[in-house]
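According to UniProt numbering, the sequence shown holds residues 1 to 955 in order.
Have a look at the structure below, then the notes.
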Amino acid sequence: MSLSSKLISRVSSGRKRSTHLGFLQRDLSSLRPRDILPEHLKSLDKLTHSLVNKHAPPHGKIWSPTPSLRGEEKALANTIQKYGDGHILSAEQVAFAAEADFGDLHDDPPEPRDLNLWPGTFVEVRRNAIVTHGIILGEIFHEAQWKIVSLSSSGEIWTHMREDIMFELPSIVPQDLASRCGVQTYGESKVQVNARVELLRRIRQLELATAEVQHELGRTLVTLYPKVRSSNPDEWKQITVTEAATIIAPDVPHDFLTRFAIHKYMMNSPNHFVADSVAYRTSHRFRVRPKSHLDRLEKVFTLAHQRSGPMQAFAIKARELIDENRQRAEDSRAEPHSERPRAQNVFTPEDAIIINFLQDAMRAARFIQQDPYMVIVVKIIKAIDRFNGKVDDSAVFQLLTDLGVMAPWQDVVSTMKDLALDQEPEESSSIVAAQNAIVEKAQAKPATKSIVNGEVLGPEDFYTHDLLESVRHDFGNLPVYVIDDANAEELDDGISIEKIPSEPDCTWIHAHIADPTAVLPPTHVFAHQAREMVTTAYYLHRTWPMLPQSMMRTMIHSVGELATAGKPERVLSFSFKVDGTGDIVDYNVRAGIIRNVHRTTYDAVDYSLGRTPFQVIYPFGGQPPPPLPVVNLNEQHQANLHTLQETINRLVKRTLQLPIFTHGKSAAKTIISQKPLYSNPVNPLKPPMFRGFPSLTYTVIPITYFSQGARLLVTQCMTAASRVASRWALDRGVPLLRRTSSQPLTLSDNDFADLLASKDQYGTVPLAMAFEKALTTPAASYTLEPALHWALGIPEGEGYCRVTSPLRRYSDMIAHWQIKHALLHPTSSSPLFSSEWLEKYGRDLILQEKIRKRAEKNHTDFWALQFIRRWIQNPAQPDGPDPLASLVGYASSPPANNYVQNDVQAKFFLPELGLNAFLTGLRNPGVPLITVGEAHKVRIKEIRLSTKPQLMLTV
């Protein structure tokens with residue numbers, strides 16, 4: 001039975017799957033949390049009433065309905081029934097739903113189910129700057145996603161995402177009362193209507209109680225920004241709602257109403273506070289706008305409302321400069337990129353304020369607050385009169401580029417504040433200079449303190465010697481193969497193969513992983529910086545390493561760097577014994593020493609194994625000559641690799657027999673001729689003159705690229721090493737953070753069976769079928785339990801802990817520190833990192849990964865769409881037919897109304913380009929019916945470049 005069927009089958013009366021308006025209802029009341037004792041339930045109900053009534057006016061005059069018999073109930077019932085026919089939507093709900101599904105090209109996978117969001121929970125919901133309050137009634141499965149159904153304070157039924165919830169208060173009403181409301185648009189029975197009346201009463205009581213608290217806090221709220229902004233007028237700061245409550249009301253209990261009132265004030269003050277755009281509900285964190293940004297906002301607001309003056313003068317100069325720069329860009333289209341300074345100022349200091357204001361206006365946030373910039377931006381762009389179409393972030397990006405205050409090749413995604421990536425070149429970066437100084441100091445005079453002596457290491461102290469020297473296993477002359485791309489920047493791992501003469505059907509494989517934690521303690525400033533960084537940022541135009549390059553060049557090394565120079569190399573080794581059936585029957589984890597290391601490439605290994613390397617696709621031409629069949633390994637090494645491949649084949653065969661499959665999409669990847677590609681800061685008074693553009697090559701990576709040949713071999717070894725880490729730690733009671741993913745959701749058992757039956761030799765199912773079956777893969781999460789990782793075929797009870805990339809992932813370093821502490825203290829019951837610490841870090845990690853993954857996808861799309869836009873403007877001669885002349889896309893979502901655009905749109909995927917897109921104009925006459933999973937011929941209508949790039953199609 002599929003996981004979705006197990007969930008869906010848990011319904012109440014009748015145990016039938018019920019549908020309403022094409023939705024599949026999920027009855028959450030039957031998925032109960034742990035039981036609450038009656039006396040505890042009474043206490044909880046009492047607490048809820050006390051919160052609501054705490055700040056109510058005397059004599060219970062919270063709300064005054066029409067003075068008639070049961071006037072309150074009748075008034076509320078009328079409110080509920082106002083929208084009862086299912087066709088009337090309030091203006092707020094229309095605006096809330098507008099473009100809800102059309103903001104991002106990429107869908108985030110649905111989050112693991114949240115136990116706090118049960119029926120009866122009060123929620124504040126925000127999207128598109130629309131705010132409503134409601135009480136959760138349940139969940140429905142709609143368009144391959146679980147969505148929350150809430151009764152709003154207007155009496156309407158609203159359907160929204162979990163991410164739309166900003167604040168919640170569990171159990172504001174009992175679960176059974178909320179469940180009696182039903183999730184249909186219209187209350188179909190008197191029981192449902194009466195239940196909804198009671199919920200609406202509770203919502204409005206809580207709204208009035210919150211307003212009372214806001215009134216009590218009064219003027220103290222307006223003092224918050226001056227108290228918390230940075231003393232540096234150009235610097236952003238961060239603050240949480242709880243921290244703000246401590247500052248505003250230090251003597252008031254920070255209960256729900258107090259925090260909720262402060263949250264509302266900060267949300268309604270977007271000039272001062274910018275809400276966390278990815279995970280506000282969890283973090284309740286705001287970024288505090290710099291004083292200089294606020295001053296510019298107020299200054300330009302004043303200028304924009306003057307009939308004549310600096311704004312109009314700026315528009316005239318901007319118009320002339322835009323025409324000049326556009327002509328230069330056209331004349332130099334085929335030239336390499338270059339930049340030449342301008343001799344004289346073009347703009348005045350007042351003009352520079354407007355330009356800096358436009359740069360401030362570039363945002364990469366969900367629209368959960370009012371945008372204080374956009375109204376003025378629209379006025380500026382209309383005054384310049386050089387742009388057509390919708391005024392949004394893409395128009396601002398184009399304006400800044402056309403003005404020359406932003407290089408045409410500027411990557412805007414990597415400048416997002418949430419990523420905190422240093423934009424300075426490494427040679428001139430003050431951050432890199434400070435890191436270099438720490439490394440130089442450590443090399444000149446090593447720290448004398450040692451954790452072995454019971455002393456505390458300082459923030460710039462490295463380990464003075466190898467703490468695991470006495471327990472390291474020397475692998476002697478056993479060959480170690482480091483296999484990666486020829487241009488790989490960090491080599492984290494090597495692989496050894498060891499036959500067992502007494503067991504010819506069994507083989508030991510050793511995954512040797514780089515050991516930066518032999519030098520770097522968790523207390524070091526570089527470790528703290530790595531935690532903030534989360535992972536190395538591999539961007540197309542530049543790489544930001546997690547660990548300082550100066551340390552990587554001198555103190556910590558990629559695998560094989562020392563051994564190839566004849567020096568022993570420290571590693572952390574994860575060994576597993578594979579039998580004739582492909583089962584892992586034994587395993588071990590050791591601190592190791594390797595000496596005989598051979599670096600090679602995926603292509604060389606493929607040639608050694610007698611296969612042609614699998615290549616990426618070049619749809620627009622520009623494919624380089626195929627690599628020469630170079631084999632840099634002797635016969636013995638080739639024999640070892642054949643043994644390794646045979647062993648991995650057994651592992652893969654066993655995995656493919658499991659009831660699992662993989663699915664995914666081809667992916668665009670643009671190659672930039674110059675890397676790193678820097679964009680220099682621009683003086684807004686005299687923007688430089690840019691010519692040309694970096695040479696770009698467009699490639700598409702097929703979904704099967706990593707599921708065959710040498711890449712599959714290395715991937716399987718590293719996956720097994722992560723399984724070994726989990727099992728080894730489980731045997732010893734050592735807490736580790738494990739990554740888990742559950743089975744994908746399908747609408748029925750038959751759908752899941754159809755997908756399972758369709759998988760190919762690589763275990764991959766057809767993309768069109770995955771769309772058609774509404775296949776939904778829940779987001780991965782972290783746990784201390786040895787939980788299921790369905791996609792990798794790792795069962796419950798075994799677990800999967802990432803340990804193979806400590807040079808580029810901080811979470812892997814944590815696992816290394818934890819494992820090495822256990823190796824050094826095998827009888828200790830006190831781990832280096834406690835379970836509580838790891839759980840807290842895991843919650844933060846999943847949010848940080850989400851931010852970075854979304855940014856990387858937008859960054860990839862940005863450069864792919866840059867290429868396509870330039871191709872459309874001046875197409876070169878491709879090696880074959882123009883790929884844009886016969887585009888075919890697959891519908892990945894059903895058509896949906898975009899109320900603001902007065903259009904019907906659907907999400908599409910273009911396999912030939914490896915891109916997601918939006919198909920528009922589906923309301924137009926003659927447009928064919930769009931069915932999910934079907935292929936349709938399409939053409940490109942519009943490209944929007946910004947921090948959230950978009951590709952718009954038409955049939």
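Beta carbons: idealized from backbone N, C-alpha and C, even for Gly.
Residue i, DSSP secondary structure in three states
i, result
"serine 892", "coil"
"tryptophan 158", "strand"
"glutamate 489", "coil"
"alanine 864", "helix"
"methionine 362", "coil"
"arginine 386", "coil"
"valine 652", "helix"
"glutamine 145", "strand"
"asparagine 588", "strand"
"arginine 296", "helix"
"isoleucine 930", "coil"
"histidine 637", "helix"
"methionine 551", "helix"
"glutamine 344", "coil"
"isoleucine 130", "strand"
"phenylalanine 661", "coil"
Burial state of residue i, where buried means 16 or more other Cβ atoms lie within 10 Å
i, result
"valine 585", "exposed"
"residue 1037", "Outside the displayed span of the chain (1 to 955) sits residue 1037, for which this structure offers no information."
"arginine 732", "exposed"
"lysine 937", "exposed"
"arginine 611", "exposed"
"residue 962", "Because residue 962 is not part of the residues shown, which for the chain are 1 to 955, the question remains open."
"asparagine 259", "The question names asparagine, but residue 259 is arginine in the sequence shown. Under this definition arginine 259 is a buried residue."
"glutamate 156", "buried"
"alanine 343", "exposed"
"valine 125", "buried"
"valine 519", "buried"
"asparagine 874", "exposed"
Unbroken beta strand (DSSP E) run spanning residue i, endpoints
i, result
"leucine 915", "915 to 919"
"glycine 709", "Glycine 709 -> not in any beta strand (DSSP E); alpha helix (DSSP H) instead, spanning 709 to 732."
"threonine 670", "667 to 672"
"valine 605", "Where valine 605 is concerned, there is no enclosing beta strand (DSSP E), although the alpha helix (DSSP H) it sits in stretches over 602 to 608."
"arginine 287", "285 to 288"
"valine 480", "479 to 484"
"glutamate 738", "Residue identity differs from the one stated: residue 738 is arginine in this sequence, not glutamate. That run of the beta strand (DSSP E) goes 738 to 740."
"serine 573", "569 to 578"
Under 7 Å between C-beta atoms of residue i and residue j
i, j, result
"leucine 137", "valine 173", "no"
"methionine 267", "glutamine 175", "no"
"alanine 906", "isoleucine 930", "yes"
"serine 429", "aspartate 418", "no"
"valine 396", "alanine 361", "yes"
"threonine 670", "asparagine 632", "no"
"isoleucine 943", "arginine 869", "yes"
Endpoints, the alpha helix (DSSP H) within which residue i is located
i, result
"arginine 202", "190 to 217"
"proline 226", "224 to 228"
"valine 396", "393 to 403"
"valine 183", "Taken as a continuous stretch (DSSP letters only), valine 183 belongs to no alpha helix (DSSP H), as it is neither H nor E."
"tryptophan 817", "810 to 824"
Proximity test, residue i beta-carbon vs the ligand ATP heavy atom, cut-off 6 Å
i, result
"alanine 563", "Among the ligands in the structure shown, none appear at all, so the ligand ATP cannot be discussed."
Should the stretch 212 to 230 be regarded as contacting the stretch 261 to 277, the criterion being three or more beta carbon pairs within less than 8 Å? yes
Count Cβ pairs between the stretch 318 to 334 and the stretch 679 to 691 that sit closer than 8 Å; are there 3 or more? Put simply, the stretch 318 to 334 touches the stretch 679 to 691. At least three CB pairs are less than 8 Å apart.
Taking 8 Å as the cut-off, does the stretch 786 to 797 touch the stretch 698 to 706 (at least 3 CB pairs, one atom from each stretch)? no
Would the stretch 746 to 764 count as touching the stretch 694 to 701 if we require 3 or more Cβ pairs under 8 Å? no
Mind the definition here: the stretch 834 to 842 touches the stretch 588 to 595 only if three or more C-beta pairs lie below 8 Å; say whether that holds. no
How about the stretch 800 to 810 and the stretch 540 to 557: do they share at least three Cβ pairs that are nearer than 8 Å? yes
Check whether the stretch 247 to 258 touches the stretch 275 to 291, taking contact to mean three or more Cβ pairs, one atom from each stretch, closer than 8 Å. no
Counting Cβ pairs closer than 8 Å, one from the stretch 470 to 481 and one from the stretch 560 to 573, do we hit at least three? The stretch 470 to 481 is in contact with the stretch 560 to 573.
Please confirm if the stretch 817 to 833 is in contact with the stretch 455 to 472, defined as three or more CB-CB distances below 8 Å between the two stretches. yes
Take every Cβ of the stretch 844 to 851, pair it with every Cβ of the stretch 606 to 624, and state whether three or more of those distances are shorter than 8 Å. no
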